[in-house]
Amino acid sequence: MVNYSLAHMSTKPGDDTAPKLFYAKAQASGEVTMDEMAEDIAYSTSLTDGDVLNAIRALIKQVNKHLAAGKIVRLETFGSFQIQLQSEGAETEKKFTSSNITGATIQFRPGKPIKAATRSGSGGLTFHRVAKKGEAPLPDDGGDGGNGSEGGDGGLDENPLG
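Going by our numbering, the first residue of the sequence shown is number 70, and it counts up by one from there.
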């Protein structure tokens, strides 16, 4: 289950005159460490915790090495990683130099099994609204465990005659 709270934000960031609407913000319910995942993987395989940790650390080094070489790193059905650049514009191609590049980020494109984990509905995500940090807990209404989109079709599947 994914916890969320609401944030009142502008529909056009930077425009103080734009209307504000409420948007969902995911609220983490904790974190998991590599050690914890290694223990879980070791439990379900013939590997030891140390073997799993060594393999993960070696994988991270290889991903870094190949990203630095400008390659797309594809990890089968897990997904792929690729460098993305930010730069300042130049008036002409001749005026553009590497000094125009202001930063780099890594883009992750999830594979099908990872994407499936973000789908709502049966077998996928469920959502639960929680209070923002520092606010009193919300009363449990018992009805927000779904994906929050029920009833949006005007009841087309309901029998209008009862």
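From the three backbone atoms N, C-alpha and C, an ideal C-beta is built for every residue, glycine too.
Compare the C-alpha of F91 against each of F196, H77, S115, L122 and name the closest. H77
Cβ-Cβ separation, G180 to G148 (assumed contact under 8 Å), whole Å: 4 Å
Mind checking who Q151 pairs with in its DSSP beta bridge? Q176
How big is the Cα-Cα spacing for K201 and S156? 36 Å
Closer than 8 Å by C-beta to I141: which residues in its own chain qualify, once you throw out the five before and the five after it? Chain order, please. These residues qualify, in order along the chain: S149, F150, Q151.
Use the C-beta contact count for V121: other C-beta atoms within 10 angstroms, 16 or more gives buried, fewer gives exposed. buried
Could you compute how far the alpha carbon of T174 sits from the alpha carbon of R126? 20 Å
What runs of the alpha helix (DSSP H), each 4 residues or longer, lie entirely inside the stretch 100–171? 103–113, 118–137
Output the distance between the C-alpha atoms of N169 and A137, rounded to the nearest integer angstrom. 19 Å
So A97 is in the beta strand (DSSP E); what residue range does that whole segment cover? Element bounds for A97: n/a, residue is neither H nor E.
For the alpha helix (DSSP H) containing A19, name the first residue and the last one. Residue 19 lies beyond the range of the chain shown here (70 to 231); nothing can be said about it.
Are the CB atoms of K94 and Y112 within a distance shorter than 8 Å? no
Given L194, which residues of its chain have a CB within under 6 Å of its CB, disregarding the five upstream and five downstream residues? V71
Here's a check: name, in chain order, each residue in its chain whose Cβ is nearer than 8 Å to the Cβ of D118, leaving out the five neighbours to either side. Correct list, in chain order: D104, A107, E108, A111.
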